[in-house]
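So the sequence shown is residues 3 to 145, counted in the working numbering.
Ideal Cβ placement from N, Cα and C applies to all residues, glycine included.
Quick caveat: nothing in here was measured; it's all calculated off a predicted structure.
Accompanying notes for the structure given below.
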Amino acid sequence: MHHQHDDTLEDLIFEALQKARSFVAALNIAALSSNSQDGAFISRCVSQIETGRVLDDDVEGVLDAVRKILCREIEEETFETRPVFDGYHDPEFGDVGTVLEIPVRTVRGDDLSESLTRLDALVSARYAALDRLCAEREVRKRI
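Put into structure tokens, the structure is as follows:
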């Protein structure tokens with residue numbers, strides 16, 4: 003089993019950069035925002051991410067702002083939810099599981115949801131790299 007604490011700082015930064023590239027590649031800026039002001043803002047944000055500056059202090063605010071726009075746009079592209087049973091049928095006890103409300107979205111909404119998933123992966127990888135960087139700095143102070 004692979005754990006992030008087994009990775010070197012270089013590996014973690016590399017993963018964050020890969021996740022950033024994956025997010026940018028999946029993001030269709032033209033189709034992303036229903037208003038041109040958000041589209042222009044996201045274009046500026048993406049250009050900052052594309053340059054590989056994912057560990058910069060100001061990137062956290064950028065990623066958070068892009069996430070809020072994505073969530074709002076996804077909500078606008080979700081037209082209903084449908085119940086789906088997640089579980090199994092036990093002959094002795096009947097249905098065992100839970101009913102999930104699955105969003106039904108437009109194609110654009112599905113694309114935006116995929117972008118949000120990639121953004122969340124980028125944020126997670128970024129935090130892992132920053133945490134390791136901080137830990138290594140603390141260790142160096144003590145030596």
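Own chain partners of R134 with C-beta closer than 6 Å, once the 5 adjacent residues on each side are dropped: If we look at R134 and ignore the five residues flanking it on each side, its Cβ neighbours are L11, L14.
Continuous alpha helix (DSSP H) stretch holding L124: start and end: Its alpha helix (DSSP H) spans residues 109-144.
Beta-carbon contacts of R120 that lie in its chain and below 6 Å, excluding the five residues immediately before and after: Closer than 6 Å at the Cβ level, and outside the excluded window around R120, lie S24, F25, A28.
Beta-carbon proximity list for R107, same chain, < 6 Å, skipping 5 on both sides: Non-local beta-carbon contacts of R107 in its own chain, meaning distances under 6 Å to residues more than five positions away in sequence, involve E79, T80 in chain order.
Cβ distance (whole Å) where A127 is taken to contact K21 below 8 Å: Correct: roughly 4 Å between the Cβ atoms.
Those residues which DSSP pairs with L102 across a bridge: Note: L102 is bridge-paired with V86 in the DSSP secondary-structure output.
Pair within 7 Å by beta-carbon distance, G111 and I76: Yes, they are a contact pair.
Spatial distance of G99 from P105 (CA atoms): Straight across, the Cα-Cα distance linking G99 with P105 is about 19 Å.
Stretch pair the segment 87-102 + the segment 44-64: three plus CB contacts closer than 8 Å: Judged by Cβ distances under 8 Å, the segment 87-102 makes no contact with the segment 44-64, as fewer than three pairs qualify.
Whole-angstrom distance between D122 and V64, CA atom to CA atom: Looking at the two C-alpha atoms, the distance is approximately 13 Å.
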